Amino acid sequence: MDTTRLSVVCFGQQNWDYCWTGKQQLLSRLAARGHRVLYVDPEWAGAAGASTSAWAALRPERSHAGLTREGPGELLVYRYAPVRGLGWRLNQRHRPRALARVASALGFTGGVALALRPPALDLVPAVRPRGLLYYAVDEMTAFGERSADERRAVRAAEDRMLRAADVALAVSERLHRRFLTVQPRAYYLPNGADVEHFAPDALAAAPPLADLPPTQGPVLGFVGQVDERLDQELVAAVARARPDWTVLLAGRVKPGVDVATLGGLPNVHLLGYRDYADLPSVLQRFDVCLVPYRRTELTRSCNPLKVFEYLATGRPVVATDLDGLQWCRHAIEIA
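Written out as structure tokens, the structure is:
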């Protein structure tokens, strides 16, 4: 047995193909170095991907939505295909058994389980790991408009995960301090960036994107999901104060988020989701990179990945005053 080659089963916080973030950076590099990775999507396959049996995902003669291969190296993505006719409750009970069969057939039992969200604790036993690692990249209790009881339930679920884990990793120092009150083997692991992908030379060599709008004056740019973290009022105030400047926001709008504050401004452009490979072409249009986040319970514990990528470009970075940016205050401007 090759003890230097890991088998990692990662229980995702978002589906693999939702957007390229730190989890893809980490896991794709593990696969490129010869380790085996199975990423478990948190969501089920849609009706079009449903099968009479999740075991069908392993039949080589069939193309199945439940199991796909990503490159480089051995990196597989598994999404549970619900059994038609069982209903939600029975499918929920069947899902761990289906995952256990997939993991066993592919040789992923007895490896390392990496959980990115507390509810994954119910699925972890299916892969019979020799070790469990919990890695938190957000303050889980702060998502959405939760009641006090819901927040307490989420915190309790995360505490159960922390106690069950052999090691816990926190993306921010604030999360790390809290984790240490529950799990003594908790460590601070901030984000990073693919420096070569975002280096000035890479931006200069990136092909222009024909669908980007024409701009005037200095271009202020943001890359990331447009959601409740984004201070739309602040962005709109800047755009109104500087009508001869352009603001580009590159990222999908989270469902349910109203962007009417920005939509009517002629010098603000919502570019929608952009593939990771195209980000250098987007960033080459920026004169200044923005992190216009509101100060909330969610952003107090964040460690924005985009700041690392922005800094790699060599362009100026302007951000609101977030706790997670104390480490780079010397290199950015705080608004």
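In our numbering, the protein residues as written are 862 to 1196.
Cβ atoms here follow ideal geometry from the backbone N, Cα and C, with glycine treated the same way.
Just so you know, these numbers come straight off a predicted model, no measurement behind them.
Whole-angstrom distance between residue j and residue i, CA atom to CA atom
{"i": "S965", "j": "V988", "result": "8 angstroms"}
{"i": "L1081", "j": "H1191", "result": "20 angstroms"}
{"i": "V1084", "j": "L1041", "result": "32 angstroms"}
{"i": "V1178", "j": "L947", "result": "52 angstroms"}
{"i": "N1128", "j": "T1076", "result": "8 angstroms"}
{"i": "R1204", "j": "Y941", "result": "Lying before the first or after the last residue shown, residue 1204 is absent from the chain, which here runs from 862 to 1196."}
{"i": "L1057", "j": "P1045", "result": "A small correction: the amino acid at residue 1057 is Glu; Leu does not occupy that position in the sequence shown. Spanning the two alpha carbons is a distance of roughly 36 angstroms."}
{"i": "H1037", "j": "A1026", "result": "14 angstroms"}
{"i": "T865", "j": "S889", "result": "17 angstroms"}
{"i": "Q1093", "j": "V1028", "result": "38 angstroms"}
{"i": "G968", "j": "A892", "result": "15 angstroms"}
{"i": "Q953", "j": "A1098", "result": "47 angstroms"}
{"i": "V973", "j": "F1169", "result": "28 angstroms"}
{"i": "C1163", "j": "D1020", "result": "19 angstroms"}
{"i": "L867", "j": "R991", "result": "11 angstroms"}
{"i": "G873", "j": "P980", "result": "10 angstroms"}
{"i": "W905", "j": "L951", "result": "13 angstroms"}
{"i": "L1064", "j": "G1125", "result": "30 angstroms"}
{"i": "R956", "j": "A1018", "result": "20 angstroms"}
Segment limits, alpha helix (DSSP H) that includes residue i
{"i": "Y1171", "result": "L1166 to T1174"}
{"i": "G1078", "result": "Neither: G1078 is in no alpha helix (DSSP H) and is coded neither H nor E."}
{"i": "V1143", "result": "L1140 to L1144"}
{"i": "A1009", "result": "A1009 to A1025"}
{"i": "A893", "result": "G883 to A893"}
Three-way DSSP call (helix, strand, coil) for residue i in this model
{"i": "E968", "result": "Looking at the sequence shown, residue 968 is not Glu but Gly. Note: G968 maps to coil in three-state DSSP."}
{"i": "H834", "result": "Outside the shown range of the chain, which is 862 to 1196, sits residue 834, and nothing can be said about it."}
{"i": "F1040", "result": "helix"}
{"i": "L937", "result": "strand"}
{"i": "S868", "result": "strand"}
{"i": "C1189", "result": "helix"}
{"i": "T1160", "result": "helix"}
{"i": "G1112", "result": "strand"}
{"i": "A1060", "result": "coil"}
{"i": "E1194", "result": "strand"}
{"i": "V1120", "result": "coil"}
{"i": "T1181", "result": "coil"}
{"i": "A1071", "result": "coil"}
{"i": "G1125", "result": "coil"}
{"i": "G1082", "result": "strand"}
Status (buried if at least 16 other CB within 10 Å, exposed otherwise) for residue i
{"i": "A1054", "result": "buried"}
{"i": "D1105", "result": "exposed"}
{"i": "E1000", "result": "buried"}
{"i": "S1033", "result": "buried"}
{"i": "T1174", "result": "buried"}
{"i": "R923", "result": "Annotation note: pLDDT 34 at R923 (below 50); position unreliable, coordinate value reported separately. That one is exposed."}
{"i": "K1167", "result": "buried"}
{"i": "W877", "result": "buried"}
{"i": "D1072", "result": "exposed"}
{"i": "F1154", "result": "The displayed chain sequence assigns Tyr, not Phe, to residue 1154. With 16 or more Cβ atoms within 10 Å of its Cβ, Y1154 is classed as buried."}
{"i": "Q1145", "result": "buried"}
Enclosing beta strand (DSSP E) for residue i [first to last residue]
{"i": "V1099", "result": "First-last for V1099: Q1093 to A1102, but that is the alpha helix (DSSP H), not the beta strand (DSSP E)."}
{"i": "V1028", "result": "V1028 to A1031"}
{"i": "E931", "result": "L928 to E931"}
{"i": "G992", "result": "G992 to A997"}
{"i": "R897", "result": "R897 to V901"}
{"i": "A976", "result": "V973 to A976"}
{"i": "L1151", "result": "V1149 to V1152"}
{"i": "Y1049", "result": "A1047 to Y1049"}
Cβ of residue i within 8 angstroms of any chain D Cβ
{"i": "A1054", "result": "Checking the listed chains, one finds no chain D in this structure; it contains a single protein chain."}
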